[in-house]
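Colleague: Shown below is the structure under consideration.
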C-alpha cells in the first residue's frame, strides 16, 4: 500500500495495472479496447475484452496504448464474467466512445473510407464553413 | 496434342514437328490440284560479239546472286498466337466517373461511355463541363471511381467507333515544309469538323442531363484530381 501511494504521487497519470483499459494497436483486435486482467511480466499482460469481442489473451505492452480509463477495484486475475460485469456497471465502453480520443479515431476512420466524390463534397462543406466563419468574423 | 502425351501443363511428350508427323496429315489425298507453273528455261542463248567467241552463248536466265550468307540463318517461325480481346476492369461500367492519369487531360474526371472494339475506353468530359471531348483512353491510365452517372436508357450512336477517331490518311509523300507552311506563311489551324462537334453535343446532352440530377456532380467533374500531403493513392478509396 505504501508503494501505491507513491505511484499516485508520480507525474505519470496512467499505469500498467490490473483494471487499466487499453487500446490495442496490432493483431486481429487492433483498434478495440480491452482491460488488463493480470500482469505477466514487464513485457506482457493478460488482457480481456468480453464486451468488445477481444478474446482473453497475453498481449505485449509494445502493441497497446494505455487509456485514461480504469476499472476500479478489479481483483487480480479476474475472469471474463467478472470483467464483463464491472465493464457494464461502470459503462466503460460508453465512456470510451464519448472520449475525444475515440471520436477522433472514428472520424479518421470515416475519412479513410470516403470515396473520391465524398472527399470532394467534404472539401465543399469545409469551404462553406470557412465562408460563414470569415463573414461572421468580418462583421464582429 | 492427343498423340503427344502431356509431361507437364503445356509441354507435350513430342516436339511440334514430331506431333505433326504422328498426325500424318501429309498422307491424305490431296484434294486441290496445284496449278502447274509455267516452265522457265534455266538458260538462254544470247548473241555475243567478237570473232573468236562463237557468236552465241548459253547463259543462265537468272543470274546467281554475288553474295550469299556464309552461315545459315534460320527463318523465325511464324507465331500463330493472336492477342485476346481486352478485358474491361469490373470496376468500370457505363456511367462510371474515371480519373485520367496520362495525356493532355491528366487529372480530369470524365464519364465512361463504353468500351470500343480495340479495347480502348470511350469517354467524354462532358465537353461543356470540363473541356474533355469524346476521346479514347487506355484503361491502364485511368483510376476508376465508385461514383456513377446514371446513364440508363442512354444509346450511343453506333457510328462512334474506333474508325471515327482515326486520322484521315494522307496519300502520297508530303514534305515537312508543306505540312506546316503555306505560301511562306505558317498554315492556319484546321477548324474542328462541324459534324464531330454536333456528335459531341448530341452525346453530351444526355450525359449532362444525368449529371445535373445529382447535387455537386457537375462541380466534381469540373474539378481536377490531385494528391495532397499525406495522400497515397494505394491507400485511398476511390
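Protein chains in written order, with the UniProt record's numbering: chain A, 1 to 140; chain B, 1 to 238. Cβ atoms here follow ideal geometry from the backbone N, Cα and C, with glycine treated the same way. Predicted, not measured: the structure shown is a model, and the values here were computed from it.
1. Just how far apart, CA to CA, sit residue 61 of chain B and residue 74 of chain B?
2. Please report the distance separating the alpha-carbon of residue 42 of chain A from that of residue 64 of chain A.
3. Among B/169, B/72, B/207, whose alpha-carbon lies nearest the alpha-carbon of residue 111 of chain B?
4. Need the endpoints of the alpha helix (DSSP H) that residue 117 of chain B sits in, please.
5. Give me, in chain order, the residues of the same chain whose beta-carbon lies closer than 8 Å to that of residue 96 of chain A; leave out the 5 immediate sequence neighbours on both sides.
6. By the 10 Å Cβ neighbour count, where 16 or more other Cβ atoms means buried, how is residue 210 of chain B classified, buried or exposed?
7. Expressed to the nearest angstrom, what Euclidean distance is found between the alpha-carbon atoms of residue 198 of chain B and residue 221 of chain B?
8. Roughly how many angstroms separate the alpha carbons of residue 179 of chain B and residue 166 of chain B, rounded to a whole number?
9. Could you list which residues in chain A have their beta carbon closer than 7 Å to that of residue 146 of chain B, in chain order?
10. If you measure between the beta carbons of residue 72 of chain A and residue 19 of chain A, is that distance less than 8 Å?
11. Which residues mark the beginning and the end of the alpha helix (DSSP H) in which residue 131 of chain A is found?
12. Which complete beta strand (DSSP E) runs does the stretch 105–192 of chain B hold, if anything under 3 residues is left out?
13. Apart from the five residues on each side of it in sequence, which residues of its chain come closer than 6 Å, Cβ to Cβ, to residue 216 of chain B?
14. Could you work out which residue in B/43, B/78, B/49 is closest to residue 63 of chain B when comparing CA atoms only?
15. Classify residue 15 of chain A: buried if its beta carbon has 16 or more other beta carbons within 10 angstroms, exposed otherwise.
16. Determine the burial state of residue 126 of chain B: buried for a count of at least 16 other Cβ atoms within 10 Å of its Cβ, exposed for fewer.
17. Residue 233 of chain B by DSSP, collapsed to three states: which one?
18. Assign residue 1 of chain A to buried or exposed, taking buried as 16 or more other Cβ atoms, counted over all protein chains shown, within 10 Å of its Cβ.
19. Select from B/187, B/228, B/132, B/24 the residue whose C-alpha is nearest the C-alpha of residue 201 of chain B.
20. At a Cβ cut of 8 Å, what residues of the stretch 212–224 of chain B count as close to chain A, listed as they run along the chain?
21. Using only the alpha-carbon positions, how far apart do residue 90 of chain B and residue 139 of chain B sit?
22. What residues of chain A sit near residue 112 of chain B, judged by a beta carbon separation below 9 Å?
23. Does the distance from the CB of residue 109 of chain B to the CB of residue 225 of chain B come in under 8 Å?
24. So what does DSSP say about residue 9 of chain A, is it helix, strand or coil?
25. Does residue 207 of chain B get closer than 8 Å to chain A when you measure Cβ to Cβ?
26. For the stretch 110–140 of chain A, which residues have a beta carbon sitting closer than 8 Å to at least one beta carbon of chain B?
27. Consider the Cβ of residue 232 of chain B: report whether some Cβ of chain A lies at a distance smaller than 8 Å.
28. Would you identify the three-state DSSP class for residue 1 of chain A, choosing helix, strand or coil?
29. Cα separation between residue 150 of chain B and residue 95 of chain B?
30. Would you list the one or two residues that DSSP bridges to residue 48 of chain A?
31. Tell me which same chain residues have a C-beta within less than 7 Å of the C-beta of residue 137 of chain A, skipping the five on either side of it?
32. Does residue 1 of chain A get closer than 8 Å to chain B when you measure Cβ to Cβ?
Modeller: The short version:
1. On the second chain, residue 61 of chain B is found 61 positions in, with the first residue counted as 1. On the second chain, residue 74 of chain B is found 74 positions in, with the first residue counted as 1. Their backbone Cα atoms lie some 28 Å apart in a straight line.
2. As a working mapping, residue 42 of chain A is identified with position 42 in the first chain. As a working mapping, residue 64 of chain A is identified with position 64 in the first chain. One C-alpha to the other measures close to 13 Å.
3. Locating residue 111 of chain B in the second chain gives position 111, counting from the first residue. Residue B/207 is the option with its Cα nearest to residue 111 of chain B.
4. Counted from its first residue, the second chain places residue 117 of chain B at position 117. Neither: residue 117 of chain B is in no alpha helix (DSSP H) and is coded neither H nor E.
5. What you label residue 96 of chain A is simply residue 96 of the first chain in a count that begins at 1. Same-chain partners within the cutoff: 21, 33, 67, 69, 102.
6. Residue mapping note: residue 210 of chain B aligns to position 210 of the second chain, counting from 1. Counting the other Cβ atoms within 10 Å of the Cβ of residue 210 of chain B gives 16 or more, which makes it buried.
7. Numbered from its first residue, the second chain carries residue 198 of chain B at position 198. Numbered from its first residue, the second chain carries residue 221 of chain B at position 221. In this structure, the straight-line span from the alpha carbon of residue 198 of chain B to that of residue 221 of chain B is close to 22 Å.
8. The residue you call residue 179 of chain B lines up with position 179 of the second chain. The residue you call residue 166 of chain B lines up with position 166 of the second chain. The straight-line gap from Cα to Cα measures roughly 18 Å.
9. Residue numbering aside, residue 146 of chain B sits at position 146 when the second chain is read from its first letter. Those are 115, listed as they occur along chain A.
10. Translated into positions along the first chain, residue 72 of chain A becomes position 72. Translated into positions along the first chain, residue 19 of chain A becomes position 19. For residue 72 of chain A and residue 19 of chain A, yes; Cβs fall inside 8 Å.
11. As a working note, residue 131 of chain A is residue 131 in the first chain. Start and end: 116–139.
12. 109–115, 121–124, 135–137, 142–148
13. Numbered from its first residue, the second chain carries residue 216 of chain B at position 216. Counting only Cβ-Cβ distances below 6 Å, and skipping sequence neighbours, we find nothing.
14. The count along the second chain starts at 1 and reaches residue 63 of chain B at position 63. For residue 63 of chain B, the closest alpha carbon among the candidates B/43, B/78, B/49 is that of B/43.
15. In the first chain, the residue the question calls residue 15 of chain A occupies position 15. Residue environment: residue 15 of chain A is assigned as exposed (fewer than 16 neighbouring CB atoms within 10 Å of its CB, all protein chains considered).
16. Numbered from its first residue, the second chain carries residue 126 of chain B at position 126. Label assigned to residue 126 of chain B: buried.
17. Translated into the one-based positions of the second chain, residue 233 of chain B becomes position 233. Helix, per DSSP.
18. Here the question's residue 1 of chain A lines up with position 1 in the first chain. Below a pLDDT of 50, predicted positions are generally treated as unreliable, and residue 1 of chain A, at 48, falls in that range; the measurement from the model is reported next regardless. Burial is judged here by how many other beta carbons sit within 10 angstroms of a residue's own beta carbon; residue 1 of chain A has fewer than 16 and is exposed.
19. Position 201 of the second chain, counted from the first residue, corresponds to residue 201 of chain B. Per the Cα distances, B/132.
20. 216, 217, 219, 220, 223
21. As a first step, residue 90 of chain B must be located in the second chain, where it is residue number 90. As a first step, residue 139 of chain B must be located in the second chain, where it is residue number 139. Each residue's Cα considered, the two are about 11 Å apart.
22. What you label residue 112 of chain B is simply residue 112 of the second chain in a count that begins at 1. Within 9 Å Cβ-Cβ: nothing; residue 112 of chain B doesn't reach chain A, min ~14 Å.
23. Walking along the second chain from the start, residue 109 of chain B turns up at place 109. Walking along the second chain from the start, residue 225 of chain B turns up at place 225. Cβ distance < 8 Å, so residue 109 of chain B and residue 225 of chain B count as in contact.
24. In the first chain, the residue the question calls residue 9 of chain A occupies position 9. Note: residue 9 of chain A maps to helix in three-state DSSP.
25. The residue given as residue 207 of chain B occupies position 207 in the second chain. For residue 207 of chain B, the answer is no, since every Cβ of chain A falls outside 8 Å of its Cβ.
26. 112, 113, 114, 115, 116, 117, 120, 121, 124
27. Indexing the second chain from 1 puts residue 232 of chain B at position 232. Taking CB atoms only, residue 232 of chain B has no neighbour in chain A less than 8 Å away.
28. Taking the first residue of the first chain as position 1, residue 1 of chain A is located at position 1. In this prediction, residue 1 of chain A has a pLDDT of 48, which is less than 50 and means its spatial position is unreliable; what the coordinates show is noted afterwards. Residue state, collapsed to three classes: coil.
29. If you number the second chain from 1, residue 150 of chain B lands on position 150. If you number the second chain from 1, residue 95 of chain B lands on position 95. Rounded to whole angstroms, residue 150 of chain B to residue 95 of chain B spans 6 Å at the Cα level.
30. Residue 48 of chain A sits at position 48 when you count from the first residue of the first chain. Looking at the DSSP assignment, residue 48 of chain A forms a beta bridge with A/35.
31. Numbered from its first residue, the first chain carries residue 137 of chain A at position 137. So the list is empty, once near-sequence residues are dropped.
32. Within the first chain, the letter at position 1 stands for residue 1 of chain A. With a pLDDT of 48 at residue 1 of chain A, under the threshold of 50, the predicted position of this residue should be treated as unreliable, and no value is reported.
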